[in-house]
Amino acid sequence: MNLSLNQKIALGFLVLILTYGGMGYISLNNLERSRAITNKNLLINQPSIILLNELKLMVVNSRNFSGTWVTLDISNNPDKKALVEIHASGYVKLKEQMEPKIALWSNEADEDSIASVLRDFEEVLVMEKTIMSALPNIDAYQDFMVRVETESTLENIEYSSNIILEHLEVILTRFKERTDKQDTEMLASFESIRYSNIFLSVIAIVIGIIVTFYILRVVRLEEQKRAVVAERDAVQEQKDIIEEINKEIMASINYAKRIQTTILPSQTTLNEQLGDHFVFYKPRDIVSGDFYWCINRTDQDVVWIAAADCTGHGVPGAFVSFVCHKALNECVNDHELTDTAAVLDKATELVEAAFGAGVSENVKDGMDIALCKITLSTKKLEFAGAHNPAYIVRKGELTEYKGDKQPIGAYEYRKAFNSHRIELQHNDMIYLASDGFLDQFGGPKNKRYQSKKFKRFLTEISNAKPAEQQEKLEAELSAWQGEEQQLDDVLVMGIRVDW
502 MNLSLNQKIA LGFLVLILTY GGMGYISLNN LERSRAITNK NLLINQPSII
552 LLNELKLMVV NSRNFSGTWV TLDISNNPDK KALVEIHASG YVKLKEQMEP
602 KIALWSNEAD EDSIASVLRD FEEVLVMEKT IMSALPNIDA YQDFMVRVET
652 ESTLENIEYS SNIILEHLEV ILTRFKERTD KQDTEMLASF ESIRYSNIFL
702 SVIAIVIGII VTFYILRVVR LEEQKRAVVA ERDAVQEQKD IIEEINKEIM
752 ASINYAKRIQ TTILPSQTTL NEQLGDHFVF YKPRDIVSGD FYWCINRTDQ
802 DVVWIAAADC TGHGVPGAFV SFVCHKALNE CVNDHELTDT AAVLDKATEL
852 VEAAFGAGVS ENVKDGMDIA LCKITLSTKK LEFAGAHNPA YIVRKGELTE
902 YKGDKQPIGA YEYRKAFNSH RIELQHNDMI YLASDGFLDQ FGGPKNKRYQ
952 SKKFKRFLTE ISNAKPAEQQ EKLEAELSAW QGEEQQLDDV LVMGIRVDW
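Positions in the sequence shown are counted from 1; adding 501 to them yields this note's numbering.
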């Protein structure tokens, strides 16, 4: 088939456009799938797990408080007051919160199970009311028959409550399994987006080069003058296509940023769990390898906080951060570890497994981290670190608690992590940070900021309110950096002990 010069050029660009369109369609599908998974996790699964845990705690408390009501003839006992509160409004409020979430569940078995649990618990509440009515005052405890009847009712309550707790545990296990599966699917979707974008860019460049050389070859055989014009048009079209590709890639990265934001604790959560605090978070690129983490285990009276620095920055660092964030959640929520060193040891196993430890000596994916567990009622802090330290400023003096000199992830000379235990005092300032601030070049001699200067600056600002401290840190980094480029992601956290 003999084609004219214009027809041959059009054919080459048709191949390019079809390739771009096909890959763009794949990327769009992956983005939509990721969005659907994220929405289901954030709007249905996670809130449902929280409410189910609250119901579980209420069942346990109700059972225990009923036992107190039967065994203790003290009228103003706090457990009795708590039981009255559950009957007065606690259960009703919790049920009202659960009903909209239950309506969104897509699993009929779960809906039937929770409906049965609620019915059984309401029967338990009726039995508890019987006890409360039979033992309204101290005199009633002297009636032998009343005591016999209430103790029998208490046995029924304990039996029914244990069955309810077993059913709740089954429902929670199914939700956690689905949530873990969706986390895995979301990570796989991110990988698919990443490889799709890389493949799209490579294909566009390769086909662009092929089209260019094809045009040059045709020019030599046909009209020189028309070939120059055609080449100029072809280059412009390639430029436009590459710009469109870049826009698509940037759209994917921006969406990855929105997804990454969902794994970070919200400002509301931080305010509730940490009180007076600040988080200075400045990624070098659109997405970051640094992340901060906060989980409140009310059943253990502890708050977990961490400042983590994953390998790399930008898109590669962000992908590593998803794996490391998931590992921390599994350690605390699934394995229910309570020691900071044990959490880092287990996180190392999970991260190595995720990245296939031992595949290559050049694979160093992992993270440095400063991890703290704070027991709120006793003001005790437990710290373990991988490279990164924790700082505590008390009455104008800074104490540094150093982490172990090994990362989370593949490492040849691996050893068990160590924990530090600290008694906190009112008005202490706790600081956690990645190395981004310390490693920033700047100043009059264009040197790194360094640890000594950083610790001195933290001590100087420690008496200010945390919000003001964040402003001072931002101003200090900006002044030090000057016209220099930001080298790494920056993360500094500060918490005032005021609870």
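Ideal placement from N, C-alpha and C gives every residue a C-beta, glycine not left out.
Exercise. So the alpha helix (DSSP H) arginine 759 belongs to, where does it begin and stop?
Worked result: Per DSSP, arginine 759 belongs to the alpha helix (DSSP H) from 725-764.
Exercise. Which of the three DSSP states, helix, strand or coil, is assigned to glycine 813?
Worked result: DSSP places glycine 813 in coil when its eight states are reduced to three.
For this session: Taking proline 890 and alanine 871 to be in contact with their CB atoms under 8 Å, please state how far apart those CB atoms are, rounded to whole angstroms.
Result: Confirmed, about 6 Å.
Exercise. For cysteine 825, which residues does DSSP report across the bridge?
Worked result: Its beta-bridge partners do not exist; DSSP assigns none.
Problem set entry | Nearest candidate by alpha-carbon position, reference leucine 619, set Lys581, Leu701 and Leu595 | Closest by alpha carbon: Leu595.
Exercise. Mind checking whether leucine 717 and glutamate 738 have CB atoms under 9 Å apart?
Worked result: In this structure, the beta-carbon distance from leucine 717 to glutamate 738 does not fall below 9 Å.
Exercise. Among Ser789, Cys873, Asn834 and Thr876, which residue has its Cα nearest to the Cα of leucine 988?
Worked result: The option with the nearest alpha carbon to leucine 988 is Ser789.
Exercise. By the 10 Å Cβ neighbour count, where 16 or more other Cβ atoms means buried, how is glycine 983 classified, buried or exposed?
Worked result: Glycine 983 is classed as exposed because its beta carbon has fewer than 16 other beta carbons within 10 Å across all chains shown.
Problem set entry | Backbone CA spacing between glycine 859 and threonine 685 [nearest angstrom] | Its pLDDT being 46, under 50, glycine 859 is placed unreliably by the model, and the measurement read from it follows with that caveat. Counting only the Cα atoms, threonine 685 lies some 22 Å from glycine 859.
Problem set entry | Sequence-distant residues of its chain with Cβ nearer than 6 Å to glutamate 901 (five each side left out) | Pro890 and Tyr892.
Exercise. Grouping DSSP H, G and I as helix and E and B as strand, with all else coil, what is alanine 965?
Worked result: Reduced to three states, the DSSP call for alanine 965 is coil.
Exercise. So what's tryptophan 794 in DSSP terms, helix, strand or just coil?
Worked result: The answer is strand: DSSP assigns tryptophan 794 an E or B state.
Problem set entry | Among Gly897, Lys896 and Thr680, the one whose alpha carbon lies nearest that of glutamine 547 | The option with the nearest alpha carbon to glutamine 547 is Thr680.
For this session: Pick helix, strand or coil for tyrosine 914, following the three-state DSSP scheme.
Result: It is coil, neither helix nor strand.
Exercise. Starting from phenylalanine 779 and walking both ways along the alpha helix (DSSP H), at which residues does that stretch end?
Worked result: Phenylalanine 779 -> not in any alpha helix (DSSP H); beta strand (DSSP E) instead, spanning 778-783.
Problem set entry | Contact belief for leucine 974 with phenylalanine 792 at Cβ below 8 Å, rounded distance in angstroms | With a beta-carbon spacing of about 18 Å, leucine 974 and phenylalanine 792 fall beyond the 8 Å limit used to define contacts.
For this session: Can you give me the Cβ contacts of glycine 937 inside the same chain, cut-off strictly under 6 Å, excluding the 5 residues immediately before and after it?
Result: So the list reads Asp989, Asp990 and Val991, once near-sequence residues are dropped.
For this session: Out of His588, Ser567, Tyr592 and Ser590, state which residue places its alpha-carbon closest to the alpha-carbon of aspartate 580.
Result: Comparing alpha-carbon positions, the option among His588, Ser567, Tyr592 and Ser590 lying closest to aspartate 580 turns out to be Ser567.
Exercise. Under a three-way DSSP split, which group does tryptophan 805 fall into?
Worked result: Note: tryptophan 805 maps to strand in three-state DSSP.
Problem set entry | Meets three-Cβ-pair contact criterion under 8 Å: the stretch 583-594 and the stretch 652-659 | They do not touch, by the three-pair rule.
Exercise. Okay, do the stretch 841-849 and the stretch 873-891 touch, 3+ Cβ pairs below 8 Å being the bar?
Worked result: They touch, by the three-pair rule.
Problem set entry | Contact under 9 Å by Cβ, serine 822 with glutamine 907 | No.
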